[in-house]
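Student: Sharing a structure here in structure tokens format.
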Amino acid sequence: LLARKLPTPSSSSAKPARRNRAAPKSENFNRIRTLRRNMFSPAPPPLRMARQRYLRHWTIHRAWMLFRRKQHEAIEKERSRMHAGMFNACEELRKTVGPGSRGEGYLYRVAMEKKG
1 LLARKLPTPS SSSAKPARRN RAAPKSENFN RIRTLRRNMF SPAPPPLRMA
51 RQRYLRHWTI HRAWMLFRRK QHEAIEKERS RMHAGMFNAC EELRKTVGPG
101 SRGEGYLYRV AMEKKG
């Protein structure tokens, strides 16, 4: 029997061989994988507790929420105080006459310039 070779397509019409390599992983791959796991993970089942334990849990939870609220209010109060101080300083700059022949508000305008 004679062995015949099948005709091979010409190189111009042949498709290039596929590479068996996957796309390179990005530098944020691990971070994205962790975020996906946490975002789409199923919700934990509700807590099942006896009456006394539930009451204790609720009391501790409310105390923690009260503590957090007081913390947030203290932070907000401090930020308001700092904001008021900056506002008063800017008002003083706005009312002050500039050096030499500079008019009122010159120092404020220079201080408010955004550079860089």
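So for the sequence shown, full-length UniProt numbering puts the first residue at 1; every next one is plus one. Glycine included, each C-beta is placed from N, C-alpha and C at the ideal position.
Determine the DSSP secondary structure at glutamate 113, reduced to helix, strand or coil.
Tutor: coil
Student: So glutamate 27 is in the alpha helix (DSSP H); what residue range does that whole segment cover?
Tutor: It is not in any alpha helix (DSSP H) - glutamate 27 carries neither H nor E in the DSSP assignment.
Student: Tell me where the alpha helix (DSSP H) around glycine 85 begins and ends.
Tutor: 51-95
Student: Out of curiosity, what's the CA-to-CA distance linking arginine 109 and arginine 94?
Tutor: 8 Å
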